[in-house]
Every structure is written in C-alpha cells, then in structure tokens.
Amino acid sequence: MKKIERYFYPAIFTYEPGQEIAVDFPDLKCATSGTNDNDALLSARELLGRVLCGLEESGEEIPIPTPLANIETQPNERAVLIDVYMPSVRQAYVNRSINRTVTLPAWLNAAALERNINFSQVLQDALKAQLHLG
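Just so we're aligned: 907 in the working numbering is position 92 of the sequence shown, and the numbers increase by one with no gaps anywhere.
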C-alpha cells in the first residue's frame, strides 16, 4: 500500500484571555497548544505528524478528515486546516535516537569516564562495525 505524502486535517484553535492557544484535532482525538499563532501552528503540525506516523507504523486505520467547512466553532474558536509532509516526518522517525541500557564492569566504566569517552558514540561505532554498515 502506497503511503500518503501529505495529510490535511482540521484543527480548532481556541483563544482564552491569559492562556495559551489550545489546538484540538477532533478527528484524531488529540490536542496541543502554543503561546501564539505561530507556535500553535508549529505545535499542531508536529503533533499531526507524530500521531499519523504512529498510526501508520502500528497499522491502524487513519481516520478520514472532516471537511473544514463542516467544523463548527464557538466565537472564541477558529477552524484551521493543518497540513503535514510525511516523508520528512517518517525520516525523522527512522533517525530518532532511543535509549538503551548497557551493563559494563565497574572498572571499565570508571576508565571510560576518566577519559571522557562518549559511550553512545562508541556503541554506535561498534554496532556499525559489527553489522558491516560502514
């Protein structure tokens, strides 16, 4: 199945005096916020990408977006169409770092710390060499 390159989903921006702008995606049952319109838009786009990437990765059905014209708002709300370009989101997801716990003899840990060894870099280099990934 071909993956979609760009998704468009409506979001509701809610404005309350003295509060961050709340951003709700009614079709995806998720929300975020921002300190101003630009921050709210960026937060919304990032959340949209993460949620949709997660749904793709888990094989879950991706809901059909409600047309923007069908979104009902209150006087302090605004409906906004948010888009996300998925190839860049997917690439960032593939290249994300994850934490792993490793066990070392105490003497080896002490010697490495004494020499300011970057444990993550050494492990990455060793795994690449072991897997012949150059």
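In this text, a Cβ means the ideal position worked out from N, Cα and C, and glycines have one as well.
Three-state secondary structure (DSSP) of residue i
i: LEU863; result: helix
i: ARG893; result: strand
i: VAL937; result: helix
i: VAL909; result: helix
i: LEU923; result: helix
i: LEU948; result: coil
Euclidean distance between Cα positions of residue i and residue j
i: ALA859; j: VAL904; result: 13 Å
i: ASP839; j: GLY849; result: 11 Å
i: TYR908; j: ASN891; result: 35 Å
i: LEU896; j: LEU946; result: 44 Å
i: GLN939; j: VAL866; result: 28 Å
i: GLU887; j: PRO841; result: 11 Å
i: ASN933; j: GLN906; result: 25 Å
i: LEU919; j: CYS868; result: 35 Å
i: ALA921; j: GLU876; result: 48 Å
i: ASN914; j: LEU948; result: 20 Å
i: GLN936; j: ASN853; result: 36 Å
Integer-rounded CB distance, given that residue j should sit under 8 Å from residue i
i: VAL899; j: GLY864; result: 4 Å
i: ALA894; j: PRO832; result: 20 Å between Cβ atoms; not a contact.
i: PRO882; j: LEU843; result: 15 Å between Cβ atoms; not a contact.
i: PHE823; j: PRO880; result: 6 Å
i: MET901; j: ILE836; result: With 8 Å as the limit, MET901 and ILE836 do not qualify as a contact, their Cβ atoms being about 25 Å apart.
i: LEU782; j: CYS845; result: This structure leaves residue 782 out entirely; the chain is present only between 816 and 949.
Residue i - partner residues in DSSP beta bridges
i: TYR900; result: ARG821
Exercise for review: Could I get the ranges of all uninterrupted alpha helix (DSSP H) runs contained in the region 816-888, with 4 residues as the minimum, in chain order?
Suggested key: Counting whole runs of 4 or more residues, the region 816-888 contains the alpha helix (DSSP H) stretches 852-873.
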